[in-house]
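Undergrad: Before I ask anything, here is the structure I am working with.
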Amino acid sequence: MDKYDHEYRYYMHLIKNYDSFEECAKNNVEIVSKIPQILEVIVQEISIAEKMLILYHKKHCRFEIQKSHKYAAGYFNYLRENILYGIYCEKCLDMNILDLKNCYYYELNVEKAPNHRHKLFGEYIYNEINVYFEVLNNLKNAVD
1 MDKYDHEYRY YMHLIKNYDS FEECAKNNVE IVSKIPQILE VIVQEISIAE KMLILYHKKH
61 CRFEIQKSHK YAAGYFNYLR ENILYGIYCE KCLDMNILDL KNCYYYELNV EKAPNHRHKL
121 FGEYIYNEIN VYFEVLNNLK NAVD
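Numbering (our numbering), first residue to last: 1 to 144.
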């Protein structure tokens with residue numbers, strides 16, 4: 001599985017935190033050529049965030065990530081190692097992973113976790129989604 005690409009996360013952080021995209025582009029000229037990749041990263045990461053919201057609400061979910069969606073696979077791997085295992089202990093997180101020919105198939109269950117852990121996870125996912133919306137809004141405002 002590909003490693004999570006922090007380069008695009010860095011560019012999203014820049015876009016989000018400048019007052020305008022024009023100012024961001026003026027100070028980081030290379031960012032303009034990265035916009036197609038940044039948008040692809042956002043699309044794939046939002047698909048994973050959506051799956052994590054399902055996990056948060058239902059406490060059990062199954063999904064697959066196509067191997068061709070390297071940003072989604074890398075992002076989920078990052079979430080799994082740094083967030084899921086950090087919030088849900090091994091006793092609270094049941095995870096099965098199948099490495100199939102064209103995709104990774106995941107089954108997650110957090111029904112045994114205490115409610116306060118679910119709230120922490122939900123807050124994290126909602127914050128992630130808000131970052132995507134802020135980045136997209138700043139890009140949208142640049143073309144208006």
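In this text, a Cβ means the ideal position worked out from N, Cα and C, and glycines have one as well. Treat the numbers as computed from the prediction; the structure is a model and nothing was measured.
1. List the DSSP bridge partners of Leu-95.
2. Hey, would you say Ile-147 sits closer than 8 Å to Leu-120, going by beta carbons?
3. Note down, one range per segment and in chain order, each alpha helix (DSSP H) of at least 4 residues found wholly within the segment 53-93.
4. Which residues does DSSP list as the beta-bridge partners of Cys-103?
5. Alpha helix (DSSP H) containing Val-32: first to last residue?
6. In angstroms with no decimal places, state the Cα-to-Cα distance between Ala-113 and Ala-25.
7. Whole angstroms are fine: how far does the CA of Lys-91 sit from the CA of Glu-111?
8. Around the Cβ of Val-29, are there at least 16 other Cβ atoms within 10 angstroms (buried) or fewer (exposed)?
9. Would a C-beta distance cut-off of 8 Å place His-60 and Asn-115 closer than the cut-off?
10. Ordered along the chain, which non-local residues of its own chain (more than five positions away) have a Cβ less than 8 Å from that of Met-1?
11. Applying the criterion that 16 or more other CB atoms from any shown protein chain within 10 Å of the CB defines a buried residue, is Glu-45 buried or exposed?
12. Answer with buried or exposed for His-13, where buried requires no fewer than 16 other C-beta atoms within 10 angstroms of its C-beta.
13. Is DSSP giving Ala-113 helix, strand or coil here?
14. With DSSP as the reference, label Tyr-18 as helix, strand or coil.
TA: Considering the structure as presented:
1. Correcting the residue type first, residue 95 is Met in the shown sequence and not Leu. Bridge partners of Met-95: Leu-108.
2. Since the displayed the chain opens at 1 and closes at 144, residue 147 lies outside it and no answer follows.
3. 70-79
4. Gln-66
5. Per DSSP, Val-32 belongs to no alpha helix (DSSP H) and is neither H nor E.
6. 44 Å
7. 10 Å
8. exposed
9. no
10. Caution is warranted here: a pLDDT of 43 is assigned to Met-1, below 50, making its placement in the model unreliable, and the coordinate value is therefore given only provisionally. Cβ within range, chain order: Ala-73, Gly-74, Asn-77, Tyr-104.
11. buried
12. exposed
13. coil
14. In this structure, Tyr-18 counts as coil in the three-state DSSP scheme.
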